[in-house]
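Line by line, the protein sequences are chains A and B. For what it's worth, UniProt numbering labels the leading residue of the first sequence as 1, then goes sequentially. For what it's worth, UniProt numbering labels the leading residue of the second sequence as 1, then goes sequentially. From the three backbone atoms N, C-alpha and C, an ideal C-beta is built for every residue, glycine too. Note that the coordinates shown come from a computational prediction; the quantities given were computed from them, not determined experimentally.
Number of protein chains: 2
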Amino acid sequence: MPQTSSAQPGTGPKPAVRADHPGVTELFALLAYGEVAAFYRLTEEARMAPNLAGRISMASMAAAEMRHYELLRDALAERNVDVVPAMTKYASALENYHRLTTPSTWLEALVKTYIGDALAADFYLEIADVLPEEAAGVVRSVLSETGHSQFVVAEVRAAVTASDRQRHRLALWSRRLLGEAITQAQYVMADHDELVDLVISSGDGLLQMSEFFDRLQRTHASRMQELGLA
Amino acid sequence: MPQTSSAQPGTGPKPAVRADHPGVTELFALLAYGEVAAFYRLTEEARMAPNLAGRISMASMAAAEMRHYELLRDALAERNVDVVPAMTKYASALENYHRLTTPSTWLEALVKTYIGDALAADFYLEIADVLPEEAAGVVRSVLSETGHSQFVVAEVRAAVTASDRQRHRLALWSRRLLGEAITQAQYVMADHDELVDLVISSGDGLLQMSEFFDRLQRTHASRMQELGLA
Chain A
1 MPQTSSAQPG TGPKPAVRAD HPGVTELFAL LAYGEVAAFY RLTEEARMAP
51 NLAGRISMAS MAAAEMRHYE LLRDALAERN VDVVPAMTKY ASALENYHRL
101 TTPSTWLEAL VKTYIGDALA ADFYLEIADV LPEEAAGVVR SVLSETGHSQ
151 FVVAEVRAAV TASDRQRHRL ALWSRRLLGE AITQAQYVMA DHDELVDLVI
201 SSGDGLLQMS EFFDRLQRTH ASRMQELGLA
Chain B
1 MPQTSSAQPG TGPKPAVRAD HPGVTELFAL LAYGEVAAFY RLTEEARMAP
51 NLAGRISMAS MAAAEMRHYE LLRDALAERN VDVVPAMTKY ASALENYHRL
101 TTPSTWLEAL VKTYIGDALA ADFYLEIADV LPEEAAGVVR SVLSETGHSQ
151 FVVAEVRAAV TASDRQRHRL ALWSRRLLGE AITQAQYVMA DHDELVDLVI
201 SSGDGLLQMS EFFDRLQRTH ASRMQELGLA
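Below you can see the structure in the form of structure tokens.
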């Protein structure tokens, strides 16, 4: 998973929210649905893999999502929250994102995996900054570097180096992924005040919401460069 | 995963085959393809799950298969064998097994998961007895108890207790799974002398081949009892 930089220069350490902030439970539930949805999408998109090695790489990434899901399920259980009912309310936003970004080629599937993982990591790590230490640890380990997506970088770079047409096409695709992700993130925020409150706590107030989305766009641009799409 | 008893009363410890027995590499390659095939079958069969909890249970089991695959890949790498080309020769037997046993209901999918895992465990643990210690350790950890399939027992028992028709139907299904598994195992053996040699080494000679399959049938019968199908 690519590097993310959520710390802002000149800003001191921010105060953590209370451990029982209801947004923490909601964040875990949202992440949990995200992991299961990603698992099933990866396995479905793996059908486009040109060979067994590609299918295996997708399966390994999918398996990592389930390990993360299990961490979140356990963290919710410690808060006396049953994961399945808690996560269900996030189903529509996440399923909509995946439905609106169904890849039509193997390269699109690879780019989606990479960009999608990275965007999710940015989003959650921004929030992790203000979580109580234990909750921040859960989020960070769920989003920890798995190294799986390095095979994506190699394959995409090779394809776009060989073809300008592919580069333009995948650059557009990558922008569409960002747009849909931000749209769905905004829907989720609009429906869940507890999450908005967490994001606001991570900065200096409401103004931070637009800066938050600006930062997502900037880190997205650096990912496009890594993939050779900039 | 259910208990297996491969030790025979009255037989002392059997001599291990040499660590570089070519059958060991073949066994790992066969297991590796089996794990990846099981991963994709479980995720496909999960579509029949009546709810999110069922889909999650299937996804967790599938993720466990990939962890096992990774162990085998690493064990093959230590033997300087590249997993993907090595496993490909076992594709047809394993894909045929899955194609010929495609479940048509969620309960059939659950029974297949349980019986299939258990049969695979019997088969491989029989062989593990004669493997050099390190190789036996790989096989045993790949087939180690995951606890995931306990949800299968509860759900199947509840269904067959409530309906005699379901019990008869699933009992037939379970026998079909055994039959197809044995057929495909025999095809694999017929094509791979190195594996036959491993199985023969696990007993007192060629006579053991039919006893080997007899034992598979006996342990299968105990599984049917666990599921309430006997």
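ask   = Can you round the beta-carbon distance between Q166(A) and L107(A) to whole angstroms, since I take them to be within the 8 Å contact cut?
value = The sequence position of residue 166(A) within the first sequence is 166, counting from 1. The sequence position of residue 107(A) within the first sequence is 107, counting from 1. Rounded to the nearest angstrom, the Cβ distance from Q166(A) to L107(A) is 7 Å, consistent with a contact under 8 Å.
inquiry  = Would L178(B) pass as an interface residue toward chain E - the criterion being a Cβ-Cβ separation below 8 Å?
reply    = The structure shown contains no chain E; its protein chains are A and B.
message = Across the segment 180-194 of chain B and the segment 126-134 of chain B, are there enough close Cβ pairs to call them in contact, namely three or more that are closer than 8 Å?
response = Below 8 Å, too few C-beta pairs join the segment 180-194 of chain B and the segment 126-134 of chain B to call them touching: fewer than three.
key: Chain-order list of residues whose beta-carbon lies under 6 Å from that of V83(A) (same chain, five-residue window excluded)   = Translated into the one-based positions of the first sequence, residue 83(A) becomes position 83. So the qualifying residues of the chain are A32, R73, L76.
inquiry  = So for K89(A), helix, strand or coil by DSSP?
reply    = Position 89 of the first sequence, counted from the first residue, corresponds to residue 89(A). Coil.
ask   = When DSSP labels each residue in this structure, what does D122(B) get in the three-state scheme?
value = If you number the second sequence from 1, residue 122(B) lands on position 122. D122(B): helix per DSSP, three-state reduction.
message = Does the CB of T101(A) have a neighbour CB from chain B at under 8 Å?
response = Position 101 of the first sequence, counting from 1, holds the residue named residue 101(A). Taking CB atoms only, T101(A) has no neighbour in chain B less than 8 Å away.
Exposed unless 16 or more other CB atoms sit within 10 angstroms - verdict on R215(B) = The residue given as residue 215(B) occupies position 215 in the second sequence. The residue in question, R215(B), is buried, as its Cβ has 16 or more Cβ neighbours within 10 Å.
For L229(A) and S174(A), believed in contact at Cβ under 8 Å, the rounded distance = Residue numbering aside, residue 174(A) sits at position 174 when the first sequence is read from its first letter. Residue numbering aside, residue 229(A) sits at position 229 when the first sequence is read from its first letter. Their Cβ separation, rounded to whole angstroms, is 6 Å, which keeps S174(A) and L229(A) in contact under 8 Å.
task = Note down the Cα distance separating R18(A) from P132(A), rounded to an integer number of angstroms.
result = Looking up residue 18(A) in the first sequence gives position 18. Looking up residue 132(A) in the first sequence gives position 132. Cα to Cα, the separation comes out at about 7 Å.
Best match in A63(B), M58(B), A59(B) for proximity to S60(A) [C-alpha to C-alpha] = To locate residue 60(A), count along the first sequence from 1; it is residue 60. Distances from the CA of S60(A) to each of A63(B), M58(B), A59(B) were compared; the closest alpha carbon is that of A63(B).
inquiry  = Just to confirm the assignment, what range does the alpha helix (DSSP H) spanning D82(B) have?
reply    = As a first step, residue 82(B) must be located in the second sequence, where it is residue number 82. Counting along the chain, D82(B) falls outside any alpha helix (DSSP H), and DSSP gives it neither H nor E.
task = Report the three-state DSSP secondary structure of S60(B) (helix, strand or coil).
result = Counting from one through the second sequence, the residue named residue 60(B) turns up at place 60. Looking at S60(B) - three-state DSSP - the assignment turns out to be helix.
Alpha-carbon spacing of L178(B) relative to T25(B), whole angstroms = Reading the second sequence from its first residue, position 178 is the one you call residue 178(B). Reading the second sequence from its first residue, position 25 is the one you call residue 25(B). Between L178(B) and T25(B), the alpha-carbon positions lie close to 25 Å from each other.
inquiry  = Suppose you measure from the CA of R79(B) to the CA of V142(B); what does that come to, to the nearest Å?
reply    = Translated into the one-based positions of the second sequence, residue 79(B) becomes position 79. Translated into the one-based positions of the second sequence, residue 142(B) becomes position 142. One alpha carbon belongs to R79(B), the other to V142(B), and they sit about 17 Å apart.
Exposure label - F212(B); buried when at least 16 CB within 10 Å = Walking along the second sequence from the start, residue 212(B) turns up at place 212. Around the beta carbon of F212(B), a 10 Å sphere encloses 16 or more other beta carbons of the protein chains shown; the residue is thus reported as buried.
Three-state class that DSSP yields for N51(B) in the structure shown = Position 51 of the second sequence holds residue 51(B). It is coil, neither helix nor strand.
task = Name the two residues that bound the continuous alpha helix (DSSP H) containing D20(A).
result = On the first sequence, position 20 is the one that residue 20(A) refers to. From DSSP, D20(A) is part of no alpha helix (DSSP H); its letter is neither H nor E.
request  = State yes or no: is the C-beta of V139(A) within less than 8 Å of the C-beta of L227(A)?
outcome  = Translated into positions along the first sequence, residue 139(A) becomes position 139. Translated into positions along the first sequence, residue 227(A) becomes position 227. Contact: no.
Separation of L170(A) from R47(B), as counted between CA atoms = As a working note, residue 47(B) is residue 47 in the second sequence. As a working note, residue 170(A) is residue 170 in the first sequence. Rounded to whole angstroms, R47(B) to L170(A) spans 30 Å at the Cα level.
task = Return the residue from the list Y40(A), T113(A), D122(A) that minimises the CA-CA distance to E95(A).
result = The residue you call residue 95(A) lines up with position 95 of the first sequence. Looking at the Cα atoms, Y40(A) is the closest of the given residues.
inquiry  = Going by DSSP in three states, S163(A) sits in which element: helix, strand or coil?
reply    = Indexing the first sequence from 1 puts residue 163(A) at position 163. In this structure, S163(A) counts as coil in the three-state DSSP scheme.
ask   = In whole angstroms, what is the alpha-carbon distance linking T102(A) and Y69(A)?
value = On the first sequence, residue 102(A) is found 102 positions in, with the first residue counted as 1. On the first sequence, residue 69(A) is found 69 positions in, with the first residue counted as 1. Each residue's alpha carbon lies about 22 Å from the other.
task = Inspect the beta-carbon positions of G23(B) and A120(B) and report whether they are closer than 8 Å.
result = Within the second sequence, numbered from 1, the residue matching residue 23(B) stands at position 23. Within the second sequence, numbered from 1, the residue matching residue 120(B) stands at position 120. No, Cβ-Cβ distance for G23(B) and A120(B) is not below 8 Å.
message = Which residue wins for smallest C-alpha separation from A118(B), given the options V153(B), Y90(B), G137(B)?
response = Sequence index remark: in the second sequence, residue 118(B) carries index 118 (1-based). When each option's Cα is compared against that of A118(B), the closest is V153(B).
ask   = Would you report the Cα separation of D122(B) and S210(B), rounded to the nearest angstrom?
value = Within the second sequence, numbered from 1, the residue matching residue 122(B) stands at position 122. Within the second sequence, numbered from 1, the residue matching residue 210(B) stands at position 210. Using only the alpha carbons, I get a separation of about 15 Å.
key: Pick from A181(A), T88(A), M66(A) that is closest to L52(B), judged by C-alpha positions   = Position 52 of the second sequence holds residue 52(B). Of A181(A), T88(A), M66(A), the residue nearest in Cα terms is T88(A).
query = Distance, Cα to Cα, R176(B) vs A158(B)?
reply = Stepping through the second sequence from its first residue, residue 176(B) is reached at position 176. Stepping through the second sequence from its first residue, residue 158(B) is reached at position 158. Near 22 Å, if we compare the C-alpha coordinates of A158(B) and R176(B).
ask   = Looking only at its own chain, which residues have a Cβ that is under 7 Å from the Cβ of Y97(B), when we skip the five neighbours before and after it?
value = Here residue 97(B) refers to the residue found at position 97 of the second sequence. Hits under 7 Å: E180, A181, Q184.
query = Which residues in chain B sit within 9 Å of V84(A), going by Cβ to Cβ distance?
reply = Position 84 of the first sequence holds residue 84(A). Under the 9 Å cutoff, chain B gives N51, L52, A53, I56.
key: Counted within 10 angstroms of its Cβ, other Cβ atoms place residue 247(B) as buried (16 or more) or exposed   = Within the shown structure, residues of chain B are numbered from 1 to 230, placing residue 247(B) beyond reach of any answer.
inquiry  = Would you say R79(A) lies against chain B (beta-carbon separation less than 8 Å)?
reply    = Translated into positions along the first sequence, residue 79(A) becomes position 79. By this cut-off, R79(A) is not an interface position.
message = Within 10 Å of its beta-carbon, does S57(B) have 16 or more other beta-carbons around it, so buried, or fewer, so exposed?
response = If you number the second sequence from 1, residue 57(B) lands on position 57. S57(B) is buried by the Cβ-count criterion.
request  = Please confirm if A221(B) has its CB atom under 8 Å from at least one CB of chain A.
outcome  = Counting from one through the second sequence, the residue named residue 221(B) turns up at place 221. A221(B) does not count as touching chain A.
query = Ends of the alpha helix (DSSP H) at S104(B)?
reply = Against the second sequence, residue 104(B) aligns to sequence position 104. Segment: none, S104(B) is in no alpha helix (DSSP H) and carries neither H nor E.
Burial state of H21(A), where buried means 16 or more other Cβ atoms lie within 10 Å = Here residue 21(A) refers to the residue found at position 21 when the first sequence is read from its first residue. Label assigned to H21(A): buried.
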